[in-house]
Amino acid sequence: MDNKRMGILLILSLLITLNAKAQTKVVDICVKKQGTVFYKAAQFDVLAVDGVSSRRSTFWYKGQNSKLKLDFHQSKHITATCHSAGTDLYKIQFRVNGARNIQTFMARVNCIHCVKSTVLKRKDRLVGLGLRIQEIRNPELVQKLREQMLKQSKKLLELIEKELKKEDQPEEVIEQLEQMKLMVEKLLAMILEGDVQSEHFTHLLSQLNSL
24 MDNKRMGILL ILSLLITLNA KAQTKVVDIC VKKQGTVFYK AAQFDVLAVD GVSSRRSTFW
84 YKGQNSKLKL DFHQSKHITA TCHSAGTDLY KIQFRVNGAR NIQTFMARVN CIHCVKSTVL
144 KRKDRLVGLG LRIQEIRNPE LVQKLREQML KQSKKLLELI EKELKKEDQP EEVIEQLEQM
204 KLMVEKLLAM ILEGDVQSEH FTHLLSQLNS L
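For the sequence shown, the residue numbers in our numbering are 24 to 234.
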């Protein structure tokens with residue numbers, strides 16, 4: 024296996040590892056005061072959420088309607104990962120652009136307009152199998168994993184089709200689902216042909232994983 028392909032596989036493996044516990048809906052947090060959006064998630068240093076220090080890289084909070092995972096990135100971004108549909112308010116203390124004054128606003132997190140966690144979990148299972156099969160040299164084991172990938176890709180397509188048929192889906196979700204569907208269809212065609220260890224197959228896995 025050449026160095027370029029090994030590098031791609033290593034990056035994919037790291038992404039899967041990092042995302043293993045966040046295979047759910049991802050939304051933006053907006054800071055609001057009296058119904059007005061003041062700042063989006065990339066514009067401030069978070070100090071605490073509902074009184075809990077954000078010095079840890081990950082913070083879990085269970086609200087009335089949704090379980091929330093907040094990731095505090097060095098780039099000052101917050102990623103909110105919702106594990107059930109709903110809208111909750113979170114009191115967030117932060118400094119805007121490194122200012123001295125600490126501000127406290129309420130962040131409203133809406134977890135409704137997101138790709139369903141079941142779709143993302145199924146997608147990550149497929150990508151995970153695709154990564155495993157790249158390292159296998161036993162023909163029988165390759166065939167076994169290929170059959171599992173075939174099953175997972177078909178189930179994923181069914182889930183995507185089901186979500187696309189819903190009338191209340193926002194445009195950004197529809198766009199993501201359609202891109203995902205296209206990638207899965209391409210992968211499925213290659214799986215049926217038995218072409219599951221090529222560089223092109225690995226590239227498609229990378230594209231699917233990024234969605």
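Note that the Cβ used here is the ideal one computed from N, Cα and C, for glycine as well.
Asked	Found
Between the alpha carbons of E186 and L234, how many angstroms are there, rounded?	16 Å
Can you tell me whether S221 is buried or exposed? The criterion is at least 16 other CB atoms within 10 Å of its CB, across all chains shown.	exposed
Count Cβ pairs between the segment 167-177 and the segment 188-206 that sit closer than 8 Å; are there 3 or more?	no
Within the same chain, show all residues whose beta-carbon is closer than 7 Å to that of L168, passing over the 5 residues directly before and after it, in chain order.	L152, R155, I156 and I159
How long is the line joining the alpha carbons of L164 and N232, rounded to whole angstroms?	23 Å
Excluding the 5 residues flanking L2 on each side, which residues of the same chain have their C-beta closer than 6 Å to its C-beta?	The chain is shown from 24 up to 234; residue 2 falls before or after that span and cannot be answered.
Let's test the definition: count the other Cβ atoms within 10 Å of the Cβ of L93 and tell me whether it reaches 16, buried, or not, exposed.	Caution is warranted here: a pLDDT of 49 is assigned to L93, below 50, making its placement in the model unreliable, and the coordinate value is therefore given only provisionally. With 16 or more other Cβ atoms within 10 Å, it is buried.
Quick one: Cα of L215 to Cα of L228, how far?	15 Å
So, helix, strand or coil for D218, using DSSP?	coil
Could you give the distance in angstroms between the alpha-carbon of Q166 and the alpha-carbon of V219?	10 Å
What's the gap between the Cα of K189 and the Cα of G217?	33 Å
Report the rounded CA-to-CA distance for K178 versus D147, giving the unit in angstroms.	12 Å
What's the C-alpha gap between H223 and K209?	10 Å
Return the Cβ separation of I12 and V142 in integer angstroms, given the expectation that the two are a contact with Cβ distance under 8 Å.	No answer is possible for residue 12: the residues shown for the chain start at 24 and end at 234.
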